[in-house]
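For reference, the structure is listed below as structure tokens.
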Amino acid sequence: MQTLQISIYVVAALVVLALLFDFMNGFHDAANAIATVVSTGVLKPQQAVAMAAFFNVLAVTVFPLTVAATIGKGTIQPWAIDHYVIFGALVGAVFWNLVTWYFGIPSSSSHALIGGLVGAAVAKSGTTALVSAGLIKTIAFIIVSPLLGFILGSLMMLLVSWLFVRSTPMKVDKWFRRLQLISASMYSLGHGGNDAQKTMGIIWMLLIAGGYSSTHDAMPPWWVILSCYTAIGLGTLFGGWRIVKTMGQKITKLKPVGGFCAETGGAITLFIATALGIPVSTTHTITGAIVGVGSAQKMSAVRWGVAGNIVWAWVLTIPASAFVASIAWWVGTKIL
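Mapping of the sequence shown onto numbering that gives the first Met the number 0: position 83 corresponds to residue 82, and the numbering continues sequentially without gaps.
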């Protein structure tokens, strides 16, 4: 990969923009980790976001940086990466996050970032700039992650219903109010482990392009790792309540037992994906798990119209962020 002459000031500005996206990722996706535990009344909103933020940051000690490697080296050809492409990708992703947050739509920050990278890279170099293997794997999990979340969430609900069939509703509620604290913590851990690494991958791309890091390095610098985990944790701490309402109340009515099953199913999915180095959408995962829990009780328990609107946002995420990123790439070539 050819080293570019990129001003340290431009690199610093783009790192700040990347951390802003990471903050917004936590802010936007806070709903994924806390919607169920808030909507079931197990924790107050302030308590829930503090817990989620803590486990987002704790993920730095748990997960290997496999997702960062996929984003940093497995989506765009190294020769196509420059500061204009990074700028375009981040602007496209931030734009889509703002739009979906404003309308309370639980879309994927991860796929907004992937779409931004694709749009900016194609605007610069055409489709030859894309690494098909990495992108196919990521796009496949647009379907796989919510489907796996749905299956695991519904199976957990059926298993719990069978195990506690002779228990009183009051006793079940008491037990699962406690257990939901564990499941929400594990989901937040998985969220931090998968999502913070995506921004690391972007910054790593930039540092490699500018000659501040090497393609032979096994991992990005430690300051990148710590700053990304901190940014997503702070974003979660300030949480996006518009999306919490959609996730926790509008799709289906959850009780503590349902919240536990949805979070556990979603957490298992995230742990598997992160171990495999696949950047998945935490939004898709928990939505699939919530729908699975609702449908395991009865199909009418799910508000399918709301779920359908969410799926449309998923379909539009990559092309919309890619379109904005391609324009931002052109703007970046004029101003950076």
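By construction, the Cβ of each residue, glycine as well, lies at the ideal position given by its N, Cα and C atoms.
Taking residue i as the reference, which of the options has the closest Cα?
| i | options | result |
| --- | --- | --- |
| V48 | V9, P168, S184 and L89 | S184 |
| G25 | L13, Y228 and W311 | Y228 |
| L225 | I113, G191, G87 and A324 | G191 |
| T74 | H215, L57 and T126 | T126 |
| K333 | H82, V10, T214 and L42 | H82 |
| V14 | W222, Y186 and W313 | W222 |
| A68 | H215, W311, F237 and F163 | H215 |
| I138 | F237, L162 and I113 | I113 |
| I231 | A17, I7 and D21 | D21 |
| V314 | W161, S213, G293 and I142 | I142 |
| G331 | V84, Q179, P219 and I277 | V84 |
What does a CB cutoff of less than 7 Å around residue i pick up in its chain, not counting 5 residues either side in sequence?
| i | result |
| --- | --- |
| A79 | A120, K123, S124 and A128 |
| A272 | F140, S144, N193 and V279 |
Nearest-angstrom Cα distance between residue i and residue j?
| i | j | result |
| --- | --- | --- |
| F54 | S182 | 12 Å |
| I250 | A208 | For I250, the predicted model reports a pLDDT of 49, less than 50, meaning its position is unreliable; a value from the coordinates is still stated below. I250 and A208: Cα-Cα distance of roughly 43 Å. |
| V36 | T235 | 14 Å |
| A12 | V159 | 50 Å |
| Q76 | A295 | 43 Å |
| T284 | I317 | 17 Å |
| L188 | T282 | 14 Å |
| W28 | S108 | Looking at the sequence provided, one finds Asp at residue 28 rather than Trp. Cα to Cα, the separation comes out at about 8 Å. |
| L19 | W95 | 14 Å |
| G247 | I7 | Below a pLDDT of 50, predicted positions are generally treated as unreliable, and G247, at 47, falls in that range; no measurement from the model is reported. |
Grab me the residues of residue i's own chain with a C-beta within less than 6 Å of its C-beta, minus the 5 sequence neighbours each way, in chain order.
| i | result |
| --- | --- |
| I5 | H82 and G209 |
| T263 | M155 and S182 |
| G115 | A88, G91, A92, S320 and A324 |
Could you name the residues of the same chain whose beta carbon sits closer than 8 Å to that of residue i, not counting the 5 residues immediately before and after it, in chain order?
| i | result |
| --- | --- |
| V10 | H82, L205, L206, G209 and Y211 |
Q: Entirely within the stretch 167-224 and at least 4 residues each: give me those alpha helix (DSSP H) ranges in chain order.
A: Assignment of alpha helix (DSSP H) within the stretch 167-224, counting only whole runs of 4 or more residues, yields 168-208 in chain order.
Q) Counting pairs of Cβ atoms below 8 Å between the stretch 277-288 and the stretch 143-160, do you hit three or more? A) yes
Q: Kindly provide the ranges of any alpha helix (DSSP H) runs that are 4 or more residues long and lie completely inside the stretch 48-102, ordered along the chain.
A: 65-72 and 82-101
Q) Do the stretch 163-174 and the stretch 193-205 touch if we need at least three Cβ pairs shorter than 8 Å? A) No contact exists between the stretch 163-174 and the stretch 193-205.
Q. Hey, is the stretch 320-332 in contact with the stretch 83-92, meaning 3+ C-beta pairs nearer than 8 Å?
A. Output reads yes: the stretch 83-92 touches the stretch 320-332.
Q) Is it a yes or a no for the stretch 256-269 touching the stretch 171-181, going by three-plus beta-carbon pairs under 8 Å? A) yes
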